[in-house]
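Visitor:
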Amino acid sequence: MSMKWKMITLACIVALLFAADGVAADKSSDNHNSNEKMKYPAARRVEQVDEYHGVKVSDPYRWLEADVRESDEVAAWVKEQNDVARKFLDAIPERPAIVKRLTELWNYERYSPPVEKGGKYFFLKNDGLQNQAVLYAADSYKDEGHVLIDPNTWSKDGTIAMASFSATDDGKLLAYARSSAGSDWEEILLVEVSNGKALDDHLKWSKFGGIEWNKAGTGFYYSRYPEPKEGEKFQASALNQMVYFHKVGTKQDEDQLVYRRPDHPDWNFGFNVTDDGKYLVLEISHSTDPQNQVLIRDAAAVADAPFKELIGDFDNQFAFLGNDGHQLFFLTDLKAPTKRIVRMEVDQPGRDHLTEIVPGRKETLDSANILSGRIICQYMVDVLSEVRLHDLTGKSLGKVELPGPGTVQGFGGDEKNTETFFVYTSYNVPTSVYRYDVPANKTELVHQPKVDFKPDSIAVEQIFYHSKDGTRVPMILTYRKDLKLDEPHPTLLYGYGGYNISMTPAFSPAYIDWVEMGGIVAVANMRGGGEYGEEWHLAGKALKKQNVFDDFIAAAEWLIKEGRTSREKLAIMGGSNGGLLVGACEVQRPELFGACIPQVGVLDMLRFQNFTAGQFWRDEFGNSDKEDEFKSLLAYSPYHNIKEGTKYPPTLIMTADTDDRVVPMHSFKFAAALQRAQGGDAPILLRIESKAGHGHGTSVAKLIENAADRWAFLVKELGVKMPTSN
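Going by numbering that gives the first Met the number 0, the letters in the sequence shown line up with residues 0 to 725, in that order.
1) With a cut-off of 8 Å on the beta carbons, I'd call Lys338 and Asp346 a contact; round off their distance for me.
2) Let's see if you can read the secondary structure: which residues bound the beta strand (DSSP E) around Phe726?
3) Excluding the five sequence neighbours on either side, which residues of its own chain have a C-beta within less than 6 Å of the C-beta of Pro454, listed in chain order?
4) Just the C-alpha distance for Pro508 and Leu101, rounded to the nearest angstrom, thanks.
5) Quick one: complete beta strand (DSSP E) runs, 3+ long, within the segment 31 to 70?
6) For Ala676, which residues in the same chain have their Cβ closer than 8 Å to its Cβ, ignoring the five residues on either side in sequence?
7) Rounded to the nearest angstrom, how far is the Cβ of Cys595 from that of Ile571, given a contact under 8 Å?
8) Following the continuous beta strand (DSSP E) through Ser565, name the residue where it begins and the one where it ends.
9) So is Lys228 buried or exposed if we call it buried at 16+ other beta carbons inside 10 Å?
10) Return the first residue and the last residue of the alpha helix (DSSP H) that Phe712 is part of.
11) Buried or exposed: which applies to Pro95, given that a residue is buried once 16 or more other Cβ atoms fall within 10 Å of its Cβ?
12) Ignoring anything shorter than 3 residues, give me the beta strand (DSSP E) runs that lie fully in the segment 113 to 160, in order along the chain.
13) Could you tell me which residues DSSP pairs with Lys441 in its beta bridges?
14) Please report the distance separating the alpha-carbon of Met721 from that of Val98.
15) Identify the residues that DSSP records as bridge partners of Val386: which are they?
16) Helix, strand or coil: which one does DSSP assign to Leu16?
17) In its own chain, which residues sit with a C-beta less than 6 Å from the C-beta of Thr167, not counting the 5 before and 5 after it?
18) Buried or exposed, going by whether 16 or more other CB atoms sit within 10 Å of the CB of Gly409?
19) Among the residues of its own chain, which have a CB less than 6 Å from the CB of Thr733, if the five just before and after it don't count?
20) Any chance the segment 508 to 526 sits against the segment 485 to 493, with 3 or more Cβ pairs inside 8 Å?
21) Is the segment 678 to 697 touching the segment 73 to 81 in the sense that three or more CB pairs, one from each, lie closer than 8 Å?
22) So, at 6 Å on beta carbons, what are the nonlocal neighbours of Gly144 in its own chain, with the 5 sequence-adjacent residues on each side left out?
23) Lys398 lies in the beta strand (DSSP E); which residues open and close that run?
24) State the DSSP-derived secondary structure class of Leu537, mapped to helix, strand or coil.
25) Quick one: measure Cβ to Cβ for Glu115 and Asn416, integer angstroms, because I've assumed they're closer than 8 Å.
26) Is the CB-CB distance between Lys203 and Glu186 below 8 Å?
27) With a 10 Å radius around its C-beta and 16 neighbouring C-beta atoms as the bar for buried, classify Ser395 as buried or exposed.
28) If you draw a straight line from the C-alpha of Glu50 to the C-alpha of Ala318, how long is it?
29) Quick check on DSSP: helix, strand or coil for Ser193?
30) With 16 as the cutoff for other CB atoms within 10 Å, does Thr564 come out buried or exposed?
31) Keeping to the same chain, check which residues put their C-beta closer than 7 Å to that of Ile462; ignore five residues upstream and five downstream.
32) Does the count of Cβ pairs from the segment 371 to 383 and the segment 539 to 547 closer than 8 Å reach three?
33) Given a cut-off of 8 Å, decide if His536 and Asn499 are closer than it, judged by their beta-carbon atoms.
34) Which same chain residues end up closer than 8 Å to Asn239 when comparing Cβ atoms and leaving out the 5 residues on each side of it in sequence?
35) Report yes if the C-beta distance between Asp658 and Ser689 is below 8 Å; otherwise report no.
36) Residues in the same chain with beta-carbon distance under 8 Å from Leu673, minus the five sequence neighbours each way, listed in chain order, please.
Here's what the structure looks like:
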């Protein structure tokens, strides 16, 4: 199993992809059906002024930072905001038809790739409209299997979700993590695979970690945090993570501490037991950047045995892939911004003793796995997947034949496995599961969803445009083949642009609905992401963050210039870091868009580090404690750059009351300021989802309602004419 941090991140982004879409902004009130100027809930202003490096900055809505569950005033204001949004959205006549079509599109069987342990195959399956996917166990990847864990039985509204699972090597025991209301906090429980019997083991206060069994199946490593003080669970900072070993059948307070660093409370830990059971490998990070330290020790050592340092700084990424005896393999960006694979001897650690196995290429090496004596390398070639094979000496063994242009993910498993599984998807291809025979280099289709739409009627086109400084940026457009591309159409421009995360093609029922309505979906691959390696990421990070906004604005201008859309028909959307993207572009270029949908966005760039996991984002955004970074942050912080009397486009701000990743105060303060400043009559709505978090684990029912509100808002504000039939 390799690069767990990457898989966790991808799971969050997939969740956001379904929960976030873009809206176009409008510079003219005539283009959003002449809404009367709306009346919003009163938001009192306070005389709060902070001084940063001699600059005084007003923060009149500081009181909205309070936890909605702890402040009656904030809770009342949130209810009033939701009432205003619901009255507006529910009155849109096209909304029921949108809900109906989204429900039809979401109602299809979907599977995760199977994971084989001890002859048992574990996989997730959703029958269609189940709020949460169900975990199955089977004796063959071809069998239907039996239900092992059904999260839909945990709550009536589907707001308790399974976050991850891990089985012992013999397939007899399985540990799983579950979270409530979209929270990052997880509890870990155990079950016997043969009969589904739950064990008494119950672990709490875990997040941002994994579950790694020892080879004997007698216990597992996991990470946890100190128990938060009463009333601080929601906004508790993610500090002082620790690695513990839990022995099956014991209580959590008997767990053995494996590693902690109280001298560096902001460090986080990932861990792997090598497939031969010989070593425990520890990867240490101090931010969301992939660069990390690496430690190692004998897996059979006592719990508090010391680790040996392999890499002792944060200058480069060293993602552990696997071992061949005492030889360790890593994916690294050392001397390779698009990444390469190197080998290190356990007894000769450090950069000076590396052997290059797979050299860097022009294309980005996104991830890699070692199986059956082969290194399976997943590259991105202008955002699209390509998979290449090498032996452990680096000799090229050719490529894996893929179903088509798009995205593949997977190829996990133990190093001894001769089979593995992956998924393939694109904007017009529902996510399908494939089996890959490693020695034979052959693929086999395992599950292909049947979705109620016509794939052949939808085109996927990749174009390249140039940003403000001349940088060439890719963008993928999805639309109905019968559209006349020489006339403007309602267009949703989506983006992310940060954290070295790549926006690769992926199927979305919500996008299909938008396309069927005659809309275009445009996904821009701006700097800040990982599409072209670490240099692409660095070009949109910290003091260079404005490049990301320039790339997104240039995408909008290209769409308009080429006649694909018009300013009146163009919407922008993004979630989390993408919510920042939308907020920043909206306040910088309010006349460019027909509507804006910032979702769970980071919108107060001077105080984000004071809440939950925000401290880990300082490397990505910058730190207001440093003068040069403060100036950069203040220059684009959406909350601080709203200008009184400006005609802002129709805006639907979306957040969740239990989001403990990007706390909802960002959206609350941004909404209050934008509503007060609005100089036009376009609506500024704040929609707050209840019992939901940052996107992961969101129930299907909530996903459909979320998408329906977005599309209904855009249908009204962009003047979309609904088709008479689908």
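Ideal placement from N, C-alpha and C gives every residue a C-beta, glycine not left out. Just so it is clear, the structure is predicted and the values come from calculations on it, not from any experiment.
Guide: According to the structure shown:
1) Not really, about 25 Å apart at Cβ, beyond 8 Å.
2) With the chain running from 0 to 725 in the structure shown, residue 726 is simply not present.
3) Asn427
4) 7 Å
5) 48 to 51 and 54 to 57
6) Ile641, Lys642, Glu643, Gly644, Thr645 and Tyr647
7) 5 Å
8) Run containing Ser565: none; DSSP gives neither H nor E here.
9) exposed
10) Val699 to Leu717
11) exposed
12) 114 to 116, 119 to 125, 133 to 137 and 145 to 148
13) Asp436
14) 13 Å
15) Gln377
16) Note on Leu16: pLDDT 30, under 50, position unreliable in the model; the coordinate value appears next. If DSSP states are grouped into helix, strand and coil, Leu16 belongs with the helices.
17) Trp212 and Gly216
18) buried
19) No answer is possible for residue 733: it lies beyond the span of the chain, which begins at 0 and ends at 725.
20) yes
21) yes
22) Tyr135, Ala136 and Ala137
23) Ser395 to Lys398
24) helix
25) 7 Å
26) yes
27) exposed
28) 41 Å
29) coil
30) buried
31) Met474 and Leu476
32) no
33) yes
34) Tyr224, Pro225, Arg259, Pro261 and Pro264
35) no
36) Ile641, Tyr647, Thr650, Ile652 and Ile683
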